[in-house]
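Down below is the structure, laid out as structure tokens.
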Amino acid sequence: MTRARIKVLGERNLALVDVHAGTNTVVLGNRVLSVNEIQFDNPIIGTVYGTLLNYKGALEKLGDAVNHKPYSSPPLAPILYIKPANTFNHYGAAIPIPPGIEKLEIGAALGLVIGKLAVAVEEKNALNYVAGYTIVNDVSVPNESFYRPGVQHKARDGFCPIGPWIIDCHEVENPDDLAIRVFINGILQQENSTSNLIRSVSRLLADVTEFMTLSPGDVLLVGVPEDAPQAKVGDKVRIEIAGIGSLENVIVDESEINGRGKI
Amino acid sequence: MRKARIAYGGAIHEAIEWEGRLKLDDGRIVEANKVTWLTPIVPRTVFALGLNYADHAAELSFDAPSEPLVFLKGPNTFIGHQAYSRRPADVTYMHYECELAVIIGETARHVKKEEAYKYIKGYSVANDYAIRDYLENYYRPNLRVKNRDTCTPFGPWIVDATDIEDPMNLKLTTHVNNKLVQEGTTADMIFDIPSLIVYLTSFMTLSENDVILTGTPKGSVDTTVGDVVVTEVEGIGRLVNTIIGDDSFANR
């Protein structure tokens, strides 16, 4: 059993509960519930920051292109982007696919939920600023270029499912060694590990807070592994992160959704 | 009407301009120099425009973009009127950007151009500082340039949209230590306000207190510690900011 925080739809506050990340169950009092019996809400209230090209394989994919225009040199500092409030989505909800777009890219990201104000933190103390870990599906419209900010690719409604819960920081021994798997309709499509990060979790927190403050409730995504799988209308997408849990959503035509995330 | 958020007497209040002074929401009338100015609203999602004035794009040796160049800003970067922005000791080029800020008033999706103004509740002024030393060609302009703590002064107040007859014809000026360094007009935007709302709502939902910083005209020069930078939009407000250095901070 693992301590975690969940946000149940309609409840004002997060609830501290015991969960089984392996079986995807939640202990509520003397009952054990499957995640599918709970209507989850997004447990995040802060700002969600994504990190670009933080997997070794993702940067390698760019190859020598980093030395040519428009990039002209490899990235120096962490390259961040924001997943704004309209993208927030929750466990089990629909991800709208916009008209005219065939497939969406599934970005399997470990989310670091910040626990206390983090200003210019040192690498060796960085994990003290993490309250817990969650799973984020950093959805994108596929796009080859990283030159300009990808707002129209990454900031669409419902493009940031988060959950199902926030695993307490003390339950994760080493955030730099977590297996990540993506399943589409039950078939394994991607496998990677946070051991392949260019900047480790602690290094990333140090390098980001050197130039901007992270506040309690903010979420920093450690990055998206290379070869992100793509999903189309009707596909069930599941992201598993070892020891954290699994986040499941379904891709639905935007025109079939009334109100964000509701079918 | 002009509405501000301020701190006074140990509490946060809304206030309106009142014969050169401020009238607080509890009825008190106070001198403007006795309050601490906060951002006029608590912004939700903030969009900023790069290269939205042809003369500024040319100044930076870019062609004018064919679609709006939009980036996002986080809450850490905003400060109010009469506050301080931090210039790191090791940089060579930190410049102000005087911008008209458009504040959204209601939920907006797939907005038609002729109806775009209906979704605006008011206007304000922003100074969207950039530190060009940190520019990299990934998601340019990257957050290390554009989302630094204290580097987006915003205010002093929100002016009701109904009080502004034509937001596309307002003079923008920046003065550094009382010297005029930047001058332009919102008439020169490449993508005007309705076009920006049409563009953003074509792929995402906007909500109340989302803010669009509409870009800056030509006239960027380096600023140094101690400079008093005043960005002003005609009829909207005069936003005062002072640059401070690393020595004010323990974490240099």
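So the protein lines, in turn, are chains A and B.
Counting from 1, one number per residue, gives the positions in the first sequence under the numbering used here.
Counting from 1001, one number per residue, gives the positions in the second sequence under the numbering used here.
Every residue, glycine too, gets a C-beta built ideally from N, C-alpha and C.
- Residue state for H1056/B is assigned as helix, using DSSP reduced to three classes.
- For the set V1070/B, N1076/B, I1158/B, I1131/B, the Cα lying nearest the Cα of Y1123/B is the one of I1158/B.
- Under DSSP, Y81/A forms a beta bridge with G50/A.
- Of T1216/B, T1223/B, S1248/B, the smallest CA-CA separation from E1097/B is found for T1216/B.
- Looking at L59/A, A118/A, N137/A, the one whose alpha-carbon comes closest to that of Y129/A is A118/A.
- K154/A and S140/A do touch by the CB rule: their CB atoms are close to 5 Å apart, below 8 Å.
- A distance of 9 Å or more separates the beta carbons of L197/A and D168/A.
- In the displayed model, T1152/B falls within a strand according to three-state DSSP.
- Your pair I1131/B and R1148/B checks out as a contact, with CB atoms roughly 7 Å apart and the cut at 8 Å.
- For I1193/B, the enclosing alpha helix (DSSP H) has its first and last residue at 1193-1203.
- Chain-ordered, the chain A residues with CB closer than 8 Å to the CB of Y1138/B read L52, L53, Y71, P75, I79, F146, Y147.
- Remark: C-beta atoms of V1228/B and G1245/B do not approach each other more closely than 9 Å.
- DSSP places H1013/B in the strand class (E or B) of the three-state scheme.
- Residue range 201-209 is occupied by the alpha helix (DSSP H) that includes A206/A.
- Collapsing the DSSP output to three states places S72/A in coil.
- The Cβ atoms of V136/A and L247/A sit closer than 9 Å to each other.
- Between I106/A and Q189/A, the C-beta gap is smaller than 9 Å, which places the two residues in contact.
- Among the CB atoms of chain A, one or more fall inside 9 Å of the CB of T1077/B.
- Going by DSSP, K61/A is part of the alpha helix (DSSP H) stretching over 56-62.
- In the DSSP annotation of this structure, the continuous segment of the beta strand (DSSP E) that includes V182/A starts and ends at 179-184.
- At a Cβ-Cβ threshold of 9 Å, D41/A and K7/A count as neighbours.
- Spanning the alpha carbons of S193/A and N174/A requires a straight line of approximately 12 Å.
- For E1097/B, the three-state secondary structure derived from DSSP is coil.
- Against Y1119/B, chain A offers no close residue; the least beta-carbon distance is about 14 Å (beta-carbon pairs closer than 9 Å).
- Sequence-distant partners of I45/A (beyond 5 residues in either direction) whose C-beta falls short of 6 Å from its own C-beta, in its chain, are G217.
- Within its own chain, the residues whose Cβ lies closer than 6 Å to the Cβ of A242/A, once the five positions on either side in sequence are excluded, are L178, A179, listed in chain order.
- Residue-level contact by beta carbon holds for F211/A and chain B, with a gap shorter than 9 Å.
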